[in-house]
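Visitor: This is the structure I have questions about; it appears just below.
Protein chains: 2
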Amino acid sequence: MLHAVIMAGGSGTRFWPQSRRDRPKQLLRLAGPRAMIQATCDRLAGWIEPNRTWLVTGAAHADETRLQLPELPRDRLLIEPCGRNTAPCIGLAAIRLLAEDADAVMLVMPADHVIEPPAEFRSAVESAVDVVAREPEALVLFGVPPTYPATGFGYIERGEALAGGEERTFRVESFREKPDYTTAANYQSSGRFLWNCGIFVWRAERILAALEMYEPEMHAQLDALRPAIGTESWTEALAREFPQMNSISIDYAVLERAEGVLVREATFQWDDVGSWRALMRLLGTDDDGNTIDAIHDGLDTRGCIVRSTDAGHLVATLGVQDLIVVHTPDATLVAHKSDEDGLRRLVAEIERQGHERFL
Amino acid sequence: MLHAVIMAGGSGTRFWPQSRRDRPKQLLRLAGPRAMIQATCDRLAGWIEPNRTWLVTGAAHADETRLQLPELPRDRLLIEPCGRNTAPCIGLAAIRLLAEDADAVMLVMPADHVIEPPAEFRSAVESAVDVVAREPEALVLFGVPPTYPATGFGYIERGEALAGGEERTFRVESFREKPDYTTAANYQSSGRFLWNCGIFVWRAERILAALEMYEPEMHAQLDALRPAIGTESWTEALAREFPQMNSISIDYAVLERAEGVLVREATFQWDDVGSWRALMRLLGTDDDGNTIDAIHDGLDTRGCIVRSTDAGHLVATLGVQDLIVVHTPDATLVAHKSDEDGLRRLVAEIERQGHERFL
């Protein structure tokens, strides 16, 4: 049976001031009427039932997550006592769902990406599930054909196409770190490189076996949790074992080391909504190249993103270009679009100045 | 006796969004702990007593003005039923104070300028009063020596120095409209041109005689008001006569036509606080050239004015230069400093878009 595992980590700096420590990106309405995490669950409707949908999030965000997802069974929410990157997160989900379904296949995906259309996503995932049915050792990643020379993603070099008629599935030739711009442009033009979008399909048993091989200590810690599953001591056991686990991504822990790693070309539209600039792609721009989501009046305003989370607040702009203006009731950001990566530095500065109450 | 006449007109566009239609510039704290109109009255303390201080303002702003100036006798507040520029405003004050003091000398000044130090201002005004005592027909303007090639002020060309030892007082040679930049630079370097700062000293009887000569209809309308002074029919009479008066400045109506117009060089510091940029002069700038009056954190931020009227709101800036950012609880402005004159156009656009509630 196919289970969905939704990873809802997220720290909340890249969309400050709309995102905050207690309300990271996946809990925000960024590009539509539904919060990212709601849209992610909506995508599974009529396909993977709530009882086979698992959501892993941090303790600080559990209450809001439950509020936003009333249809999610309470015991399908797995609460990490602290963030430990994706390998422990996926390992945790794997032991939990294996306790109910020894043949479980996992679709692992982040809670805060935009994927369209749902039917195409479903079809692509189902074909990956078919691969796993034929090759039980397969670890399938989704790879997105680059649409621009992105320097912010890891890349997957695809190798030989899979025999057996599975279209668009390839052996992985190599993993590449985030490249510089020239390298990214070469990757794009070569046609052999795909963005690693952090969406995976594999058997739960298989990923645990891989963790046992490459992260034996983590595997032992996960094993130690198994007797507590479904008992009153679960939270206590998790609080004891989880923080000790190696904080490492599944990519480093397993995928870059394992045999049998495959990449399935994403035939769906994908956007990681990695920064405020993504709003321009997702919401589109007006005749002046602006993306406006606020009561707004502007003159000589071009290439700007203007947002207010306060439906009664006017943002007025005059003679400005390429700015990001985000107003919230207690904090306003005015940033140049080109310096958007500086948002992390700015958030650090806000903390350094003793203004944590705005974070 | 010397009377002060404070003109508190002001429409409230140049400091939007802090200024609003119901709270124009003179009622704002822009550059210190006191509102402009309070600072203007403070300047007269120990010199011109409240009973000889007259304040002319619009009906919409009378209540707030009374609140801000509790020491001003109620009958010293003259309330215009509508704005009619400075000539009717000054004429109204003249008839009103002549009813109490037939020899009244008027010091006329706007409510929303910054003048420092008060002692130097007093000394300069007293010397103009001395001139008027010797030359009862004199109409004395104050002229500010240009400190930069301003294109936003009218200029006064000074002529021959006044005989009789009155330092820094000259016959007016000519009035010049707001010049272009090159002309303004020539004016400044010549040393013969002064900014017309809208501060005047003359006998009340003299300015009324001048109005009778150059604006006979206005003079007749003012005359018609005189029997109502101090009676219950004053408000009604004013509502009848005042709106019919010619809306014209005292400069056009009288000063550019009359004989005996003198200019007294301003030996005080003067700033008309004409736009947001004035805050940089008045509040100074930090090492990055920013003028900050808000909880603010910034990175790579230079030459900006950042203000919030909400003491609990953080404004954060990143990678921006030469911006004006003004946050208020219900409206935020982000404007390029160079396009500041566009604020009037922006306010018109806000109205056009049906957003008057923010004006």
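From first to last, the protein sequence lines stand for chains W and G.
The numbering used here puts the first residue of the first sequence at 608, with every later residue one more than the last.
The numbering used here puts the first residue of the second sequence at 608, with every later residue one more than the last.
Here a beta-carbon is modelled for each residue, glycine too, at the ideal position from N, C-alpha and C.
Given the structure is predicted, the values throughout are model-derived calculations rather than measurements.
1) Taking 9 Å as the CB-CB cut-off, is I912 (chain G) touching chain W?
2) Measuring CB to CB, does A873 (chain W) end up less than 9 Å from V751 (chain W)?
3) So which residues on chain G does I899 (chain W) lean against when the C-beta distance must stay under 8 Å?
4) In three-state DSSP terms, what is G961 (chain W)?
5) Within 8 Å, do at least three Cβ pairs link the segment 852-865 of chain G to the segment 692-705 of chain G?
6) Name the chain G residues that come within less than 7 Å of F965 (chain W), Cβ to Cβ?
7) May I ask you to list the residues that DSSP assigns as paired with N803 (chain W)?
8) In chain G, which residues lie less than 8 Å from D904 (chain W) when you measure between Cβ atoms?
9) Terminal residues of the continuous alpha helix (DSSP H) containing T789 (chain W)?
10) Which residues does DSSP list as the beta-bridge partners of L705 (chain W)?
11) Spell out the partners DSSP gives D878 (chain G) in its beta bridges.
12) Please state whether DSSP places L679 (chain W) in a helix, a strand or coil.
13) Looking at C-alpha atoms only, which residue of W:S856, W:G837, W:W877, W:L832 is the closest neighbour of E848 (chain W)?
14) So does the segment 755-767 of chain G actually touch the segment 705-713 of chain G, counting three or more Cβ pairs closer than 8 Å?
15) Bridge partners of L869 (chain G), per DSSP?
16) Which whole-angstrom value is the C-beta distance of A615 (chain G) and T693 (chain G), which I expect to be below 8 Å?
17) In chain order, what residues of the segment 667-679 of chain W put their CB closer than 8 Å to some CB of chain G?
18) Quick check on E956 (chain W): does DSSP put it in helix, strand or coil?
19) On the DSSP bridge list, what partners appear for T898 (chain G)?
20) Going by CA-CA distance only, name the one from G:V738, G:S882, G:E742, G:L829 that's closest to S945 (chain G).
21) Is there contact here, the segment 905-918 of chain G with the segment 931-943 of chain G, by at least three beta-carbon pairs under 8 Å?
22) Can you name the residues of chain G whose CB is closer than 8 Å to the CB of D937 (chain W)?
23) CA-CA distance, Q960 (chain W) and D904 (chain G)?
24) Using a 10 Å radius around the Cβ and a threshold of 16 neighbouring Cβ atoms, would you call L921 (chain W) buried or exposed?
25) Exposed or buried, which one is G639 (chain W) when buried takes at least 16 other CB atoms within 10 Å?
26) Looking at C-alpha atoms only, which residue of G:E812, G:T898, G:D893, G:A816 is the closest neighbour of R884 (chain G)?
27) Can you name the start and end residues of the alpha helix (DSSP H) that M887 (chain G) belongs to?
28) As a quick exercise: from W:T939, W:D629, W:I644, W:R628, pick the residue whose alpha carbon is nearest that of V880 (chain W).
29) Could you name the residues of chain W that D895 (chain G) contacts, counting a contact when the two beta carbons are closer than 9 Å?
30) In its own chain, which residues sit with a C-beta less than 6 Å from the C-beta of S854 (chain G), not counting the 5 before and 5 after it?
31) Is the distance from the Cβ of D629 (chain W) to the Cβ of G617 (chain W) below 9 Å?
32) Looking at the structure shown, is W661 (chain W) part of a helix, part of a strand, or coil, going by DSSP?
33) Give the residues of chain W in contact with S945 (chain G), contact being defined as C-beta atoms less than 9 Å apart.
34) Return helix, strand or coil for E824 (chain W), following the three-state DSSP convention.
35) Let me make sure I understand the geometry here. Which of G:R909, G:L950, G:L829 has the alpha-carbon closest to that of A701 (chain G)?
Guide: Walking through what the data contain:
1) As a first step, residue 912 (chain G) is located in the second sequence; it is residue number 305 there, counting from the start. Not one chain W Cβ lies under 9 Å of I912 (chain G).
2) As a working note, residue 873 (chain W) is residue 266 in the first sequence. As a working note, residue 751 (chain W) is residue 144 in the first sequence. Yes, these two residues count as a Cβ contact at 9 Å.
3) Here residue 899 (chain W) is taken as the residue at index 292 of the first sequence, counted from 1. None at all; the shortest Cβ gap to chain G is about 12 Å.
4) For the purposes of this step, residue 961 (chain W) is identified with residue 354 of the first sequence, where counting begins at 1. The answer is coil: DSSP assigns G961 (chain W) none of H, G, I, E or B.
5) yes
6) In the first sequence, residue 965 (chain W) corresponds to position 358, counting from 1. Result: L921.
7) Here residue 803 (chain W) refers to the residue found at position 196 when the first sequence is read from its first residue. The partner list for N803 (chain W) (beta bridge, DSSP) reads W:G750.
8) Position 297 of the first sequence holds residue 904 (chain W). Ordered by position in chain G, the residues that pass the 8 Å Cβ test against D904 (chain W) are L953, E956, I957, Q960, H962.
9) Along the first sequence, one-based indexing puts residue 789 (chain W) at 182. Residues 788-797.
10) On the first sequence, residue 705 (chain W) is found 98 positions in, with the first residue counted as 1. For L705 (chain W), which the question treats as bridged, DSSP gives no partner whatsoever.
11) If you number the second sequence from 1, residue 878 (chain G) lands on position 271. D878 (chain G) is bridged to G:V721.
12) Position 72 of the first sequence, counted from the start, is the residue given in the question as residue 679 (chain W). Coil.
13) Position 241 of the first sequence, counted from the start, is the residue given in the question as residue 848 (chain W). Here the closest residue by C-alpha is W:L832.
14) no
15) Working through the second sequence from its first residue, we reach residue 869 (chain G) at position 262. Note: L869 (chain G) sits in a beta bridge opposite G:V747, G:R778.
16) As a first step, residue 615 (chain G) must be located in the second sequence, where it is residue number 8. As a first step, residue 693 (chain G) must be located in the second sequence, where it is residue number 86. Not confirmed; about 12 Å, so no contact.
17) none
18) As a first step, residue 956 (chain W) is located in the first sequence; it is residue number 349 there, counting from the start. Helix at E956 (chain W).
19) Here residue 898 (chain G) is taken as the residue at index 291 of the second sequence, counted from 1. Looking at the DSSP assignment, T898 (chain G) forms a beta bridge with G:I912.
20) Position 338 of the second sequence, counting from 1, holds the residue named residue 945 (chain G). With distances taken between Cα atoms, S945 (chain G) lies closest to G:S882.
21) yes
22) Locating residue 937 (chain W) in the first sequence gives position 330, where the first residue counts as 1. Within chain G, the residues near D937 (chain W) are G919, H920, L921.
23) Counting from one through the first sequence, the residue named residue 960 (chain W) turns up at place 353. Counting from one through the second sequence, the residue named residue 904 (chain G) turns up at place 297. Computed Cα separation, rounded: 8 Å.
24) The count along the first sequence starts at 1 and reaches residue 921 (chain W) at position 314. The residue in question, L921 (chain W), is buried, as its Cβ has 16 or more Cβ neighbours within 10 Å.
25) Indexing the first sequence from 1 puts residue 639 (chain W) at position 32. With fewer than 16 Cβ atoms within 10 Å of its Cβ, G639 (chain W) is classed as exposed.
26) As a working note, residue 884 (chain G) is residue 277 in the second sequence. Residue G:T898 is the option with its Cα nearest to R884 (chain G).
27) Locating residue 887 (chain G) in the second sequence gives position 280, where the first residue counts as 1. M887 (chain G) -> alpha helix (DSSP H) spans 885-890.
28) As a position in the first sequence, residue 880 (chain W) is number 273, starting the count at 1. Cα-wise, what sits closest to V880 (chain W) is W:I644.
29) If you number the second sequence from 1, residue 895 (chain G) lands on position 288. Per Cβ cutoff of 9 Å: no residues; D895 (chain G) is ~13 Å from chain W at best.
30) For the purposes of this step, residue 854 (chain G) is taken as residue 247 along the second sequence, with counting starting at 1. Cβ neighbours of S854 (chain G) beyond the five flanking positions: R691, N692.
31) As a position in the first sequence, residue 629 (chain W) is number 22, starting the count at 1. As a position in the first sequence, residue 617 (chain W) is number 10, starting the count at 1. No. Outside cutoff.
32) The count along the first sequence starts at 1 and reaches residue 661 (chain W) at position 54. In the structure shown, W661 (chain W) sits in a strand (DSSP, three-state: E or B).
33) On the second sequence, position 338 is the one that residue 945 (chain G) refers to. By Cβ distance, chain W contributes G926.
34) The count along the first sequence starts at 1 and reaches residue 824 (chain W) at position 217. Helix.
35) Position 94 of the second sequence, counting from 1, holds the residue named residue 701 (chain G). With distances taken between Cα atoms, A701 (chain G) lies closest to G:L829.
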